Each structure stands twice: as C-alpha cells, then as structure tokens.
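J.: Pasting in a structure now, in structure tokens, and then I'll have a few things to ask.
Residue numbers (our numbering), protein chains in the order written: chain V, 166 to 277; chain Z, 91 to 200.
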C-alpha cells in the first residue's frame with residue numbers, strides 16, 4: 166500500500182519567494198496535517214485539515230497557508246520566504262478520531 | 091498539552107531489551123500516551139499508544155504506571171534499525187495536533 170507521499174523531496178528557494186509543497190494522503194484518510202521540523206528539534210504543528218476544512222492551526226504567521234482538495238490531497242503554501250523557514254516540512258494523514266498519524270518523509274526546504 | 095519529560099539519549103546493545111522512560115506528571119485522566127519514533131532522514135512513525143493498561147503490538151510494549159504519571163516504551167530485542175529519536179506525546183485537542191518535544195535519541199551498538 167502506498168504511504169503518504171510528498172513532493173518535491175528537496176527544494177531551494179531565495180528569500181522573498183513563494184513555495185508550494187504537496188501531499189497525497191493514504192487512500193481513505195480524510196485528515197491531513199502539516200508539521201515543520203527545524204534541524205535538531207521535534208516537529209511543530211502547522212495546520213490540520215479534515216474534509217477540506219481547517220480544523221487546527223499552530224503558532225505560525227499568516228505567510229503560511231494550506232488547503233485540502235476534494236481528493237483529500239493537500240498543499241502548504243509559504244509566502245515571502247525567510248531564512249528561518251528552512252526546515253523539513255512533514256505531512257501526515259489519518260483516519261478520523263483517535264487513529265494514529267502516518268507521516269511522509271517530508272520536503273526539505275532550503276532558503277538562501 | 092500536558093508536558094512530557096524524557097532523557098536526552100540512551101544507548102543499548104543489539105539484541106538486548108531497551109526501556110525508554112517518559113515522565114508525564116501533569117497527565118489528565120483522559121490523556122492517551124502516544125509514542126512515535128523518527129529514523130534518520132525519515133518522517134516520524136507511529137509506535138504504540140495506551141490509556142491505562144499495558145499495551146503490546148508487533149513493534150513494542152508500553153508499560154503505564156498505575157498512577158499514570160510515567161510510562162516506559164519497551165523494545166524487547168533492539169536491532170540496529172531501532173536507532174532513532176523516540177517521542178513520548180500526550181495529544182490533547184486532537185490526535186492530529188501533536189506536540190513533539192526533543193525526544194530521546196536511542197543508539198544501538200552492534
């Protein structure tokens with residue numbers, strides 16, 4: 166069975182640019198969440214979407230936005246990139262309720 | 091989220107059991123205890139979760155103290171592939187909003 170897939174795997178952008186990261190959840194999973202992991206730290210929650218609606222938002226600026234499509238795939242958008250946005254961006258999917266999260270292997274974003 | 095405390099690191103020998111501790115003294119009666127691990131260059135991977143009684147699955151066992159203020163993840167026979175960062179998490183609002191700490195880095199010696 167295919168797991169959570171993220172694209173691209175690596176990305177290099179310059180300050181001020183915009184980036185779009187993509188995530189395809191496990192088939193049948195309707196919840197998608199996004200996390201940012203800076204080197205040496207644990208992942209930090211950014212967003213959760215369920216049935217195409219935002220269900221949670223972490224402590225991130227408005228430069229970060231996301232959406233979920235009818236097929237439950239999701240995009241994370243970051244505007245006006247800063248050097249501090251360099252990180253591993255992780256997507257996770259889950260079924261509803263108390264089911265565990267299934268993470269992809271992330272997109273490594275480098276901002277120069 | 092209720093705070094968890096884990097040692098920074100632990101070392102183990104291959105094929106020996108490993109006990110990874112987690113303290114969560116402010117846990118509430120409805121908080122589940124979740125464990126995830128993250129292998130190098132990969133996303134986190136769910137390991138196990140429990141509420142009150144001990145839990146077993148194919149990956150590990152979770153031993154929960156009677157007062158629920160601590161728990162221990164048990165890997166029965168460590169392999170080199172078990173070298174990873176292990177996170178003990180108590181989700182509150184929803185299982186999708188997990189608060190990861192720094193976790194405990196497990197090294198396995200051949």
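Even glycine gets a Cβ: it sits at the ideal position worked out from N, Cα and C.
Computed from a predicted structure; not experimentally measured.
For residue 97 (chain Z), would you say it is in contact with chain V, using Cβ-to-Cβ distances shorter than 7 angstroms as the test?
T.: On the second chain, residue 97 (chain Z) is found 7 positions in, with the first residue counted as 1. So, not an interface residue.
J.: Measuring only between beta-carbons, confirm whether residue 271 (chain V) sits less than 7 angstroms from chain Z.
T.: Along the first chain, read from residue 1 onward, the residue named residue 271 (chain V) stands at position 106. Taking 7 angstroms as the threshold, the shortest C-beta distance from residue 271 (chain V) to chain Z falls below it.
J.: Are the beta-carbon atoms belonging to residue 254 (chain V) and residue 277 (chain V) less than 7 angstroms from one another?
T.: Along the first chain, one-based indexing puts residue 254 (chain V) at 89. Along the first chain, one-based indexing puts residue 277 (chain V) at 112. No, these two residues do not count as a Cβ contact at 7 angstroms.
J.: When DSSP builds the beta bridges, which residues end up paired with residue 257 (chain V)?
T.: Position 92 of the first chain holds residue 257 (chain V). Answer is V:198 and V:268.
J.: First and last residue of the beta strand (DSSP E) that includes residue 238 (chain V)?
T.: On the first chain, residue 238 (chain V) is found 73 positions in, with the first residue counted as 1. Premise fails: residue 238 (chain V) is in no beta strand (DSSP E) and is neither H nor E.
J.: Can you list, in chain order, the residues of its chain whose CB lies under 6 angstroms from that of residue 200 (chain Z), leaving out five sequence neighbours each side?
T.: Locating residue 200 (chain Z) in the second chain gives position 110, where the first residue counts as 1. If we look at residue 200 (chain Z) and ignore the five residues flanking it on each side, its Cβ neighbours are 104.
J.: Just the C-alpha distance for residue 258 (chain V) and residue 206 (chain V), rounded to the nearest angstrom, thanks.
T.: Counted from its first residue, the first chain places residue 258 (chain V) at position 93. Counted from its first residue, the first chain places residue 206 (chain V) at position 41. Spanning the two alpha carbons is a distance of roughly 21 angstroms.
J.: Do residue 140 (chain Z) and residue 129 (chain Z) count as a contact pair if the criterion is CB distance below 7 angstroms?
T.: In the second chain, residue 129 (chain Z) corresponds to position 39, counting from 1. In the second chain, residue 140 (chain Z) corresponds to position 50, counting from 1. Not a contact, by the Cβ cut-off of 7 angstroms.
J.: Should residue 180 (chain V) be listed as close to the ligand GTP, given that the test is whether its C-beta is under 6 angstroms from any heavy atom?
T.: In terms of ligand content, the structure shown is empty, and the ligand GTP therefore cannot be addressed.
J.: Determine which residues of the stretch 186-209 of chain V have a Cβ less than 9 angstroms from any Cβ of chain Z, and write them out in chain order.
T.: For the stretch 186-209 of chain V, residues whose beta-carbon sits nearer than 9 angstroms to a beta-carbon of chain Z comprise 196, 197, 198, 200, 202, 205, 206, 207, 208 and 209.
J.: Once you ignore the five residues that flank residue 260 (chain V) on each side, which residues in its own chain have a CB closer than 8 angstroms to its CB?
T.: Start at 1 with the first residue of the first chain, and residue 260 (chain V) comes out as number 95. Around residue 260 (chain V): 193, 194, 195 and 196.
J.: How would you write the range of the beta strand (DSSP E) that residue 100 (chain Z) sits in, first residue to last?
T.: The residue you call residue 100 (chain Z) lines up with position 10 of the second chain. Looking at the DSSP string, the run of the beta strand (DSSP E) that includes residue 100 (chain Z) is 99-103.
J.: Evaluate the contact criterion for the stretch 152-167 of chain Z versus the stretch 107-115 of chain Z: three or more CB pairs, one atom per stretch, below 8 angstroms.
T.: yes
J.: Which one of V:212, V:227, V:228 and V:182 has the shortest CA to CA distance from residue 221 (chain V)?
T.: One-based indexing of the first chain puts residue 221 (chain V) at position 56. Among V:212, V:227, V:228 and V:182, the Cα nearest to that of residue 221 (chain V) belongs to V:212.
J.: Give the single residue among Z:93, Z:198, Z:100 and Z:119 whose Cα lies nearest to the Cα of residue 156 (chain Z).
T.: As a working note, residue 156 (chain Z) is residue 66 in the second chain. That would be Z:119, whose Cα lies nearest to the Cα of residue 156 (chain Z).
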